[in-house]
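Structure, as structure tokens:
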Amino acid sequence: MESSEPAVTPAHKAKESHSVIRQISFTIVYNYIEKAISTNVSEDILEEIKEKAKELFGLSCIRLEIDKKPVTSPSQIFGIPNLKITVIGIKNKCALSMCKNRVNSPKDLRCKFCLKSFCIKHSIPEGHSCENILDCKDVAIKNNIKNLLHDRYTK
1 MESSEPAVTP
11 AHKAKESHSV
21 IRQISFTIVY
31 NYIEKAISTN
41 VSEDILEEIK
51 EKAKELFGLS
61 CIRLEIDKKP
71 VTSPSQIFGI
81 PNLKITVIGI
91 KNKCALSMCK
101 NRVNSPKDLR
111 CKFCLKSFCI
121 KHSIPEGHSC
131 ENILDCKDVA
141 IKNNIKNLLH
151 DRYTK
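Its first residue numbered 1, the sequence shown is counted upward by one per residue in UniProt numbering.
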């Protein structure tokens, strides 16, 4: 009982091949802190790894190493079992990507709403276009109302 139609058409095969997304799992290490990460395999995987390290550890200038050797191409990442990528980076730079100013004291210039460290120029939420700016405005309004009512009833 043979059918004249193939079970899988060429168009179906093409759709399947485009929907397959490969992922790679690895460990990022910075200052003895290890974080397990999984990301999609792409041409710019090194940039994705650097972005993940920036998000996790708040680093600005990043260099990747495997076994104390710098990672220069994506081919170095593939085929290594239990991959551990060491991150070398500078932590005391402004979190705004286009700014190169130093952050002298990261704890003092940390935004209360997005918890990132900024230079003096970008330390206020409006200065770095904080993603939580609405929360900032709500808190400011509540504080202003509280202060106005407090002054009114204490006199």
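Yeah, the Cβ is synthetic: ideal placement off N, Cα and C, and Gly gets one too.
For residue 75, the three-state secondary structure derived from DSSP is helix. Taking a 10 Å sphere around the C-beta of residue 30, we find 16 or more other C-beta atoms and assign the residue as buried. Here DSSP, grouped into helix, strand and coil, assigns residue 36 to strand.
Buried is the label assigned to residue 122, since at least 16 other Cβ atoms lie within 10 Å of its Cβ.
The beta-bridge partner set that DSSP reports for residue 84 consists of 27. A residue is called buried once 16 or more other Cβ atoms fall within 10 Å of its Cβ, and residue 115, having fewer, is exposed. In this structure, the CA atom of residue 101 is about 9 Å from the CA atom of residue 92. Here residue 128 is buried: its Cβ has 16 or more other Cβ atoms, across all protein chains shown, within 10 Å.
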